[in-house]
Amino acid sequence: MNLDLRTVNVTRYITPLREGGSLPALAEADDDFKYVLKFRGAGHGVKALISEFLGGQIAKFLGLPIPELVFANLDEAFGRTEGDEEIQDLLKFSQGLNLGLHYLSGSITYDAAVNDCEPLLASKIVWFDAFITNVDRTFKNTNLLIWKKELWLIDNGASFYFHHSWTNWGKNAITPFALIKDHVLLPKASLLEEAHQEFTSKLNDTILREIVNGIPEDWLLWDDGAITPDEIKEVYFQFLSIRLSNSEIFLKEAQDARKTLI
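The sequence shown begins at 1 in the UniProt record's numbering and counts up one residue at a time.
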């Protein structure tokens, strides 16, 4: 599978998507497609983009339904005519390489009370979110869309939360991830063992290394300079590798959490 991302140049800022805490936006690029842009100048900066990139690439490799990810270049002059000062500042601090997700026009937010999800897909998404420690796919904020009668994953930016403090990452790699109890699809995830068997047979260190090595160097030049880009990549790789090797821990946590729901 080709895990390389296309690179586009943003040509038009259309509108902010204010339901997102990091102020993502709908924008158009020079390939004439529209994208939901995630900005490096937003609250969690490049770390949110790294989470989105790693989560998106892993989801793509596993065959989960996720919109195409692209690298999105923001020119120095872009946004100067924007009237909203908050947005103008966001665009100013986001010059360079950002991340875009293909815009699913006409999609609606997944509602567990109305929309269905077949058990194997639900189980795969629960396993995936436990693997990448995604805290944000809950009943309150599903980060799932229904588009053309199919379910799609969006927004993996709240994953890999260990990297906001960058301490105890080894301990975090083997966490059971108790927050999986709040996952919106957990009640439907009756085939967790099957999802576990499929994904642990697909994922391996070679794939994880390839995905991690795809993080743009530009996103790894952190302000404090205490850790080099290669060292940062190594931590992400080791986190994923250790977590995969110990995946029975979070599998059991999800299974036990589900038993309390049914």
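By construction, the Cβ of each residue, glycine as well, lies at the ideal position given by its N, Cα and C atoms. Bear in mind that the values here come from a model prediction, so they are computed numbers and not experimental data.
| Asked | Found |
| --- | --- |
| Sufficient close CB pairs (3 or more, under 8 Å) joining the stretch 109-124 to the stretch 134-146 | yes |
| Beta-carbon spacing of alanine 130, phenylalanine 250 below 8 Å | yes |
| CA-to-CA distance, isoleucine 66 to lysine 60, given in whole angstroms | 7 Å |
| Closest Cα partner of asparagine 115 within the set Ser94, Val126 and Phe139 | Phe139 |
| In chain order, each beta strand (DSSP E) run of at least 3 residues that lies wholly inside the stretch 64-136 | 69-74 and 96-102 |
| Alanine 27 to methionine 1 span [Cα, whole Å] | 28 Å |
| Minimum C-alpha distance to serine 245 - residue among Ile174, Leu74 and Asp31 | Ile174 |
| DSSP three-state assignment for proline 176, whether helix, strand or coil | coil |
| Cα-Cα separation, valine 212 to leucine 221 | 15 Å |
| CB contact check: isoleucine 50 to chain C, cutoff 8 Å | Annotation note: the requested chain C is absent from the structure, which comprises a single protein chain. |
| Proximal residues to threonine 7 (C-beta, below 6 Å), its chain only, five neighbours per side dropped | Phe71 |
| Residue 328 and aspartate 182 closer than 8 Å at C-beta | For the chain, the structure presents residues 1 to 262; residue 328 sits outside this window and is missing. |
| Within 8 Å, strictly: CB atoms of leucine 191 and phenylalanine 237 | no |
| Cβ-based burial, serine 105 [other Cβ within 10 Å; buried from 16] | exposed |
| Alpha helix (DSSP H) runs wholly inside the stretch 153-212, at least 4 long, in chain order | 169-173 and 192-202 |
| Residue span of the beta strand (DSSP E) that contains glutamate 234, given as start and end | Glutamate 234 -> not in any beta strand (DSSP E); alpha helix (DSSP H) instead, spanning 229-245. |
| Closest Cα partner of asparagine 73 within the set Gly43, Asp256, Pro16 and Lys38 | Lys38 |
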